[in-house]
Amino acid sequence: MGNRQQKQQHRSHVRYHQIELDHPDTIYLPNGIVSGTVLTTKKCKSFILLTGIIRFEKHKQKQIENCEIIFFSSKYSLIPSCTTKQNFRFHLNEHLPPSFNNLNSFPNISYSVNLVYKKSKEKIYSSIPIYIYPYIQIDQPSLLTPLVFSSIDNQYYNTAIKIKINRLVFKFGDVIQIFYELQNPLEEYIQKIDISLGIYYLVESNIYQEDISNSIENTNYILSKHKLIRHHTLLNIPNKTFLPSTFKYKYDEKDNRSFFNLSIDYKIQFKMYLGNPEDLWQIDVPIIVCNDLLRQTEIRTSDSLEKL
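All residue numbers for the sequence shown refer to our numbering, where the first residue is 42 and numbers rise by one.
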């Protein structure tokens with residue numbers, strides 16, 4: 042999973058104040074075990090609380106509401122006034138959404154192991170953030186062959202584009218090979234062509250988008266009037282530990298009336314500025330990004346991409 046093995050080599054344990062986790066790092070899989078020890082406890086009711094929280098902004102009429110939903114919570118009671126170590130152990134749910142983004146960015150999902158003391162009210166004494174990443178594997182050879190998007194028309198400028206990518210499914214660290222053919226029979230000015238890879242978070246009806254990779258197009262095409270542009274370009278998918286896979290999740294807790302739908306998608310964005318510099322023609326090509334491809338085949342795409 043990206044840099045996970047490298048991270049394990051540098052950390053033998055995780056400890057913060059009175060909590061110590063058994064795992065050599067803070068990255069866990071759904072359906073896994075989160076375990077550790079509490080060094081000492083105070084003279085009051087105490088417990089370990091493992092939580093998963095989503096935070097997002099909801100647009101309501103003319104204002105923005107900050108929403109926070111605890112979609113996962115598990116408690117492990119401790120013995121108070123204990124001066125010896127106490128063990129705790131949690132079994133994670135099988136289908137949990139991945140951690141993503143920091144607390145200052147919306148949306149975000151965070152998990153934490155918390156030592157809680159309760160006197161007149163509950164208070165978190167210490168907390169360790171952990172990260173949960175589903176290990177998504179794809180075993181469909183048909184998704185590993187070149188994919189062609191037939192002619193997509195722009196009727197206003199009488200232009201059309203054909204797009205071909207080396208496959209639909211990719212791993213982190215892979216390179217997306219793209220070949221496109223832009224037909225411009227009226228010789229409109231091609232002001233600019235931007236190609237990027239974006240990650241899209243959809244929470245309820247709220248969409249958040251961030252570019253994670255960009256392709257630098259040939260500057261010879263800027264302010265050109267070519268009738269036909271055929272070009273091959275590359276996009277690198279970052280190999281970041283904390284980048285989530287393509288994922289869908291639904292939470293509906295009727296007891297506390299909390300619910301949300303989450304989708305994490307990746308799209309190749311074609312942004313073409315034709316004629317007027319402010320006229321944007323955008324085409325989004327969805328792809329799947331996962332942790333592993335179970336049946337990878339060596340596909341010679343450099344030649345096949347040219348045969349559009």
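From the three backbone atoms N, C-alpha and C, an ideal C-beta is built for every residue, glycine too.
Query	Result
Using only alpha-carbon positions, find the residue among Tyr176, Ser299 and Asp235 that is nearest to serine 254.	Asp235
What does the Cβ neighbour count give for valine 244, buried or exposed, with the cut at 16 atoms within 10 Å?	buried
Tell me lysine 159's beta-bridge partners as DSSP assigns them.	Lys86 and Glu163
Looking only at its own chain, which residues have a Cβ that is under 6 Å from the Cβ of serine 122, when we skip the five neighbours before and after it?	Lys84
Taking the alpha carbon of phenylalanine 112 as the point to measure from, which residue in Asn277, Ile95, Lys126 and Glu222 has its own alpha carbon closest?	Ile95
For asparagine 72, tell me which candidate among Thr81, Asn134, Ile89 and Asp63 has the shortest Cα-Cα distance.	Asn134
Specify the secondary structure class of proline 318 as computed by DSSP and reduced to three states.	coil
Would you report the Cα separation of isoleucine 60 and asparagine 145, rounded to the nearest angstrom?	25 Å
Return the CA-CA distance between asparagine 332 and valine 210, expressed in angstroms with no decimal places.	10 Å
Would you mind sorting proline 279 into buried or exposed? The rule is 16 or more other CB atoms within 10 Å of its CB.	exposed
Under a three-way DSSP split, which group does leucine 133 fall into?	coil
Between the Cα of asparagine 302 and the Cα atoms of Gln250, Ser246, Trp322 and Gln310, which residue gives the shortest distance?	Ser246
Leaving aside the five residues before and after threonine 350 along the sequence, list all residues of the same chain whose C-beta is less than 7 Å from its C-beta, in chain order.	What the structure shows of the chain is the stretch from 42 to 349, and residue 350 is not part of that stretch, so it cannot be assessed.
Going by beta-carbon coordinates alone, are threonine 287 and isoleucine 219 separated by less than 7 Å?	no
Exposed or buried, asparagine 107, counting other C-beta atoms within 10 Å across all chains shown (16 or more means buried)?	exposed
Please state whether the Cβ-Cβ distance between tyrosine 292 and phenylalanine 300 is less than 7 Å.	yes
Look at the Cβ atom of tyrosine 242, then the Cβ atom of isoleucine 305, and state whether they are nearer than 7 Å.	yes
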